[in-house]
Structures are given as structure tokens and as C-alpha cells.
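A short worksheet on the structure shown next.
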Amino acid sequence: MLNGRRNILVYVMIFIGFSAIVVRLFDLMVIKHERFARKSVTQSTTELSIEVRRGMILNRLGRRLAVNLEHSSVYLDRLNYTPDEKKLYQMAQIINVDYDNLMRAIKGDKGFVWIKRKLPLEDTAKIEQLKFNGIGFLPEPKRSYTMGPLASHIIGYVDIDNRGLEGIEAQYNNDLTKSGGKYSVERDARGNIFYTSNENEITGNSIILTIDQGLQYIVETELDTAIDKWKASAATAIMLDPHTGEVLALANRPTFDPNSPARHNPSDRRNRAITDVYEPGSTFKIVTATGVLEEKLVRPDELIDCQGGSIEVGRKKIKDAHPHGILTFMEVIQKSSNVGTIKLAQRLGKQRLYNYIKKFGFGEKTGMDLPGEIPGWARKPEKWSGTSIGAVPIGQEIATTPLQVLIAYSIIANGGYAVYPHIVKEVITPPGWSCLPPPS
Numbered sequence: 262m263l264n265g266r267r268n269i270l271v272y273v274m275i276f277i278g279f280s281a282i283v284v285r286l287f288d289l290m291v292i293k294h295e296r297f298a299r300k301s302v303t304q305s306t307t308e309l310s311i312e313v314r315r316g317m318i319l320n321r322l323g324r325r326l327a328v329n330l331e332h333s334s335v336y337l338d339r340l341n342y343t344p345d346e347k348k349l350y351q352m353a354q355i356i357n358v359d360y361d362n363l364m365r366a367i368k369g370d371k372g373f374v375w376i377k378r379k380l381p382l383e384d385t386a387k388i389e390q391l392k393f394n395g396i397g398f399l400p401e402p403k404r405s406y407t408m409g410p411l412a413s414h415i416i417g418y419v420d421i422d423n424r425g426l427e428g429i430e431a432q433y434n435n436d437l438t439k440s441g442g443k444y445s446v447e448r449d450a451r452g453n454i455f456y457t458s459n460e461n462e463i464t465g466n467s468i469i470l471t472i473d474q475g476l477q478y479i480v481e482t483e484l485d486t487a488i489d490k491w492k493a494s495a496a497t498a499i500m501l502d503p504h505t506g507e508v509l510a511l512a513n514r515p516t517f518d519p520n521s522p523a524r525h526n527p528s529d530r531r532n533r534a535i536t537d538v539y540e541p542g543s544t545f546k547i548v549t550a551t552g553v554l555e556e557k558l559v560r561p562d563e564l565i566d567c568q569g570g571s572i573e574v575g576r577k578k579i580k581d582a583h584p585h586g587i588l589t590f591m592e593v594i595q596k597s598s599n600v601g602t603i604k605l606a607q608r609l610g611k612q613r614l615y616n617y618i619k620k621f622g623f624g625e626k627t628g629m630d631l632p633g634e635i636p637g638w639a640r641k642p643e644k645w646s647g648t649s650i651g652a653v654p655i656g657q658e659i660a661t662t663p664l665q666v667l668i669a670y671s672i673i674a675n676g677g678y679a680v681y682p683h684i685v686k687e688v689i690t691p692p693g694w695s696c697l698p699p700p701s
């Protein structure tokens, strides 16, 4: 009888114990589930901002000039890092980094340290084979320029984080990147980091340029020939459609390879077509010629006395390269007579000459869709000296960019209207809609 009561008491105690466990589990798994889940995610999840897949840059026919290559970046997770000199040395050899420099890079107390960014997948595969505790990998595309130095001053380049620094890459950085994405990095029960998601990863817009790749190649080849022939330190060449303003080719020397811009001097990366100014010289004479024709101050067949190739303006004597006597207006332009041009400018006068300088766009930016353009320099008539009426008409005492001079000649070529020089033909939004028509 006593044993029966004892057994009943044991069963009751066991039942109460199991009931308490069930109630506690219900409380944890159901009632407090959301709170613990949020706490768990907060403790174990870290968001790393990895750049969006950058849009491509293409030539006018759709050939790829700037693309993304699949690469992977190597990082150190200090919480799970197990020092191993042999594996560290092997990794240094794979990523082509000095061992001592690598050791210095991983010292410290930061939990997350980049070891090497944007390695080819075959290299990261070799590192994975080392089974190095605490060494992890994240996918990061690397920008690649398929034609190397060709059109480098147009295309530009990006930094390690795929931010545009020069050229189209910089000017249209927001279009190419569109909006950022984030990668979630979580730790498992042992604290190991692993890649879990890429929410909001977006492909940026692609840019179609006005560049004709064949013409670009010819322009660059001819520019190299000219540099070699004349032993010049720098040169610029631009090819533009005078009716539409489309830039078909643009090149500078010195140049650089956008795949490795840091190997070049900063001056090599300068887009001299829009950032450098010079006195245009005789190419500027079209401004005076246009002015006197528009104001009906000369007839095309009118005879101009070029005075044997010498004229005095103020206290300065200006000469022709070759002495000329009587020339028609057309011959003054054809033979590029300084004396004839100055005499025509004197008919026009300071103010009207300056007005035509401004009408041709000198002293102002052209609006070219590339970064770094400067406006040049054109002084107002009240700041001219006594000899300026002789200097300015022949392209002295004024500073212009190569592109400004080209735009001036485009106005002559197309019948008298200014064009907007541009390098971008279209911006293509995935999956292929054009969101920017050619400028008019």
C-alpha cells in the first residue's frame, strides 16, 4: 500500500516537471519567439555595402568598351582567425603581396580586415584550397577596359570601389551605378562569417557613346605619328560632326591605360582637349573674317593692301610670315595674312570684334559632357591695351581650348549655327529602354 502511494507521488512529480518544461518551451518558442529572433538577427547579421553591378560603356555600334569581370575579394575574420605562418606565406605568394606587408596589414584588433580586393577567381580558388581558418571571400566585380588605352580620356576609369574618377565613368557615375545594393553577412553558431544574401543588388544603366571606334583608332594612330615627327611633348585631336555635335573621336598625348591608371603620371590622364588652353594663333582669324562679312564691311572680292607684310599697331610692329602686297579678302584668309586681318579688325572695332568672339563661344564652356572643362579666357574690350586690336584678331592675347576652336570651325562648316558637343548618344536602362535621346 505504501509502495503504491510512493509510485503515485513519483508520477505526479514527473508530470509536474514535464509540464513546467513544456510551458517554458511554449513561452520561448511561441510567445517570445519574435523578440528573440530580432535579437538574434541583430547580433549575428552585418550589412556590407558592396558596389552595384556597374553598367557598361559601349561605342556607337554597341561594342563594349568598359565591362565588369567576375572577381572575388579576400578578407580576415579575426574572431575565427587561426595564425598559420606557412599558410600566410603561401597566401602572400598567391596574391603577390610582400609577406611582411601582409603581416602588418592583419595586425590590430579590427574584426574585419580586407586582405586583397578584386582577385581573379582562379587566385581565390587557390587560397580556398589552403583551408585557412578566418580567411573569407566576397564577390566583387572588377572594371575592365577592353580596348586598353584607346579612348582612355573619353572613358575614364574607376577606383577600387568602382566609383568613377575621370571621363564618362565620373560624369555619368550616378547613371552607371543607379543605386547601391547591400550584402548581408551573418555568423553561424560558431561565429563563422558566411555570405547570405544580396538584397537590392541592381545593375546600373549602360552608356552608348557617339564614338566611332574605327575613326578613334585612326585619330590615335595619326596623333602618334605627328608626335614622333615633330618631337612634341603633347598633342590633341578631335573629330566632330559639325551638324549634330557628336564627337566621333577624341585623343590626347600623353595617354594612359585605364586598367592601370596609377602607373601613369597624373598629367598623362589630363584631357587636354577641354582642360588646357593656348593662344590659337591664325586659326582664330575666322572670327574677324566672319564679323566683317556679317556687318557688310567688306566684299569677298575687295582688294586689301597688306603693305608688304608689315603694320604698326600702337607701338608694336606686326609682320606677316611672308610679305604680301595687294590681296583680295578671300586671299587674306587663304594666305593667313596678319596685316590684312588686322586691317579688317580695325574696320570692325574692339566692341564688335569682342561680340563675335562671344558669339563663337570663346571664353565660355562648350557644355561638353565630360568633367574638367574650363572656359578659356577672353578679356573685355575695356581691358585691352593699345596693341590688343592688332593681337587679338590674329589669335594672341586670348586663351582657348582645342574643343572651342573646333566648335568655331563647326559653325562655319554647318552654315552658321552653334552645336552642342557631346560624347553620349544614349543612356540605356535595363532591360534596354533608352532614357536619354541624343541632344538637339
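Take the sequence shown: its position 109, counting from 1, is numbered 370 in the working numbering, and each next residue is one higher. Glycine residues also receive a C-beta, built at the ideal position from the N, C-alpha and C atoms.
query	result
Proline 682 to alanine 327 span [Cα, whole Å]	22 Å
Integer-rounded CB distance, given that tyrosine 433 should sit under 8 Å from glutamate 427	Glutamate 427 to tyrosine 433, Cβ: 12 Å. No contact.
Start-to-end residues for the alpha helix (DSSP H) that takes in valine 685	Unbroken run through valine 685 is the beta strand (DSSP E), 685-690; no alpha helix (DSSP H).
CA-to-CA distance, leucine 511 to valine 374, given in whole angstroms	41 Å
Where histidine 585 falls, given that 16 or more other Cβ within 10 Å makes a residue buried	buried
Backbone CA spacing between glutamine 477 and asparagine 520 [nearest angstrom]	19 Å
Residues that DSSP places opposite phenylalanine 398 in a beta bridge	Val335
Per DSSP, cross-strand counterpart(s) of arginine 514	Ala496
Cβ-based burial, isoleucine 499 [other Cβ within 10 Å; buried from 16]	buried
Limits of the unbroken beta strand (DSSP E) element including lysine 379	373-381
Three-state class that DSSP yields for threonine 589 in the structure shown	strand
Proximity below 7 Å, CB of leucine 501 to CB of aspartate 473	no
Residue environment, tyrosine 406, which counts as buried when at least 16 other CB atoms sit within 10 Å	buried
Assigned secondary structure, tyrosine 433 (DSSP; H/G/I helix, E/B strand, else coil)	coil
Rounded straight-line distance, which links the Cα of threonine 343 to that of isoleucine 356	19 Å
DSSP state of serine 543 mapped onto helix, strand, coil	helix
Same chain, Cβ closer than 6 Å to threonine 217, neighbours up to 5 away in sequence not counted	The chain is shown from 262 up to 701; residue 217 falls before or after that span and cannot be answered.
Methionine 364, buried or exposed, once every other Cβ within 10 Å from all chains shown has been counted against 16	exposed
Contact set for glutamine 657: own chain, Cβ-Cβ below 7 Å, skip 5 residues either direction	Glu540
Cβ neighbour criterion (16 or more within 10 Å) applied to alanine 550	buried
Identified DSSP bridge partners for aspartate 467	Strictly speaking, residue 467 in this sequence is serine, with aspartate absent from that position. Serine 467 is bridged to Ile689.
Residue closest to glycine 369, alpha-carbon to alpha-carbon, out of Leu380, Ala386, Leu337	Leu337
Whole-Å CB distance - glutamine 612 paired with proline 642, under 8 Å assumed	5 Å
Given 8 Å, three or more beta-carbon pairs between the segment 609-628 and the segment 665-672	yes
Unbroken beta strand (DSSP E) run spanning valine 574, endpoints	571-574
Reference serine 598; option with closest CA among Ser543, Leu614, Lys403	Ser543
C-beta atoms of aspartate 518 and glycine 633 nearer than 7 Å	no
Alpha helix (DSSP H) segment containing serine 405, residue limits	Serine 405 -> not in any alpha helix (DSSP H); beta strand (DSSP E) instead, spanning 403-406.
Endpoints, beta strand (DSSP E) assigned at isoleucine 579	577-580
Under the three-state DSSP convention, the category alanine 327 falls into	strand
Neighbourhood of glycine 669 by C-beta, 6 Å cutoff - its chain only, sequence neighbours within 5 removed	Rather than glycine, the amino acid found at residue 669 in this sequence is alanine. Counting only Cβ-Cβ distances below 6 Å, and skipping sequence neighbours, we find Phe621.
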